[in-house]
Amino acid sequence: MYSANLFRNSTNSLFGYSEFVLSLAAAFAFRVRPFSSFVRHVLPAFWKDMSRAPVQHWDLGIGPISCHAWNKDKTQLAASASNNIIHIFERQTNGSWKEIHVLMEHDLLITGLDWASNTNRIVSCSQDKNAFVWTYDIATNVWKPELVLVRSNRAATRVKWSPLENKFAVASGARLVAICSYEKENDWWVSKQIKKPIRSTVTSIDWHPNNVLIAVGSCDFKVRVFSAFVKEVDEKPAPNPWGSKMPFGELMKEYSSLGWIHDVAFSPSGCKLAWVSHDSTIALVDKADNQSPPEPVVCRMNCLPFTTLQWTSENNIIAAGHDCSPMLFSYENKAIKLTSKLDIPAENKNGAGVNSAFQMFRNFDRNAAGSNVTNGVSAPKTLHQNAIAQIQPHTGKADNITKFSTCGIDGLVALWDLQNRATASAK
1 MYSANLFRNS
11 TNSLFGYSEF
21 VLSLAAAFAF
31 RVRPFSSFVR
41 HVLPAFWKDM
51 SRAPVQHWDL
61 GIGPISCHAW
71 NKDKTQLAAS
81 ASNNIIHIFE
91 RQTNGSWKEI
101 HVLMEHDLLI
111 TGLDWASNTN
121 RIVSCSQDKN
131 AFVWTYDIAT
141 NVWKPELVLV
151 RSNRAATRVK
161 WSPLENKFAV
171 ASGARLVAIC
181 SYEKENDWWV
191 SKQIKKPIRS
201 TVTSIDWHPN
211 NVLIAVGSCD
221 FKVRVFSAFV
231 KEVDEKPAPN
241 PWGSKMPFGE
251 LMKEYSSLGW
261 IHDVAFSPSG
271 CKLAWVSHDS
281 TIALVDKADN
291 QSPPEPVVCR
301 MNCLPFTTLQ
311 WTSENNIIAA
321 GHDCSPMLFS
331 YENKAIKLTS
341 KLDIPAENKN
351 GAGVNSAFQM
361 FRNFDRNAAG
371 SNVTNGVSAP
381 KTLHQNAIAQ
391 IQPHTGKADN
401 ITKFSTCGID
411 GLVALWDLQN
421 RATASAK
């Protein structure tokens, strides 16, 4: 199931070689005799955990990660550790990551990153109210920043390139979304603002595949679809299920939730819109046909709220958040169903000493502690030991994502393989 190359680089996987050695030491420390007993008890647990793990995970050593972005061929990774610095890492031949650039132009915490695949430009936004477009200069090996005229008097909260990469959107605490495009005549990035009827901080944005419509989630418990048509850069859009007349700033649709919105996302076709909110729900509206429910379909969970979501196909969604583990949902028969929970830990049903030792040494290696209990509170039995901040697509086309990445407040970036169904355990 696992390639020889993955085994050689197992120090970057969930249960690496170091933990294997520690489990071997634990077996002898607990006087497991004979050695065949170790093979019978410890090795199966080791490989069972391996089968449930993400393909790889990395601790980049920069602290809690609030956002990350990949370049086109996934050989470079940009990440920000809840501060004003952007770190760019490059994948090495041995599977590790080496920091190659440090971008320092923002004054306050960076809240959003996006890396344009085709133009190879990075856009960033921050609590300092500013946004920068970073362009790589091959001759000098330097990322050069260009300040964007966002014209906001509150912190920027999210940023995202449009599908054609000819404009981007910046969400703001000033109850607005700035649609930014490049003005060749003056050689700078300018913005047009969408304001009404947004009544609170904008927390999330996502572009429709047609490069014109944009979904906006905010703290006023609303999800809205606006037109972000900019005549200087866009062709006249064709009518679609969301509407036919699309002047800039036109409110196309509006939906309500029972909590503030954490994230919004259009499906690959653009006919469906999903969102997650602070009331521990995932909701979806389907505009594909007249038979679809006019009101959102809601799935209420008994877990902590999701903070991020990503479509993996036209009818499948990955969501993650404060429960520290991604979950796969499907949309079938006009309903949202939890298909599987990813990253379910191995269970110690028999309480064998060998497995307990293995678990203890595994936690020791990962958390630099001999026990996974602190002040009477057990640590999460998941890969991420704190909330997942963001999901990003990694491998596959928009309508068939096969791998996705997550970053978390625990400082980890993890890569999950949906084709390896062993990584998912049924509900």
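Numbering-wise, the UniProt record's numbering puts 189 at position 189 of the sequence shown, and it's gapless, one number per residue.
Note that CB positions come from ideal geometry on N, CA and C, so glycine has one too.
Since we're looking at a predicted model, the values are computed, not measured.
Residue state for residue 74 is assigned as coil, using DSSP reduced to three classes. The DSSP-derived three-state label of residue 419 is coil. Contact between residue 205 and residue 158 holds: their C-beta atoms lie close to 5 Å from each other, under 8 Å. Residue 234 and residue 212 have their C-alpha atoms roughly 8 Å apart. Within the model, the alpha-carbon separation for residue 153 versus residue 129 is close to 7 Å. According to DSSP, residue pairing for residue 404 in a beta bridge involves 393, 416. Annotation: residue 400 to residue 165 spans about 21 Å, alpha carbon to alpha carbon. Bounds of the beta strand (DSSP E) holding residue 132 are 131-137.
Taking C-beta atoms as the reference points, residue 101 and residue 58 fail to come closer than 7 Å.
In this structure, the alpha-carbon of residue 276 lies about 9 Å from that of residue 260.
Under DSSP, the beta-bridge partners assigned to residue 311 are 317. Listed in chain order, the beta strand (DSSP E) runs fully inside the stretch 77-123 are 86-91, 97-103, 110-115, counting runs of at least 3 residues. Excluding sequence positions up to five before and after residue 328, its CB lies within less than 7 Å of the CB of 316, 318, 339, 340, 342, 424, all in the same chain and listed in chain order. The beta-bridge partner set that DSSP reports for residue 160 consists of 169. DSSP links residue 223 through a beta bridge to 217, 255. Residue pairing by DSSP places residue 68 opposite 79 in a beta bridge. Within the same chain, Cβ atoms closer than 7 Å to the Cβ of residue 162 are found at 168, 207, 211, the five residues on either side in sequence being excluded.
With a beta-carbon spacing of about 6 Å, residue 115 and residue 78 fall inside the 8 Å limit used to define contacts.
With a beta-carbon spacing of about 7 Å, residue 282 and residue 309 fall inside the 8 Å limit used to define contacts. In this structure, DSSP gives residue 198 a state outside helix and strand, which the three-state scheme calls coil.
In the structure shown, the three-state DSSP call for residue 228 is coil.
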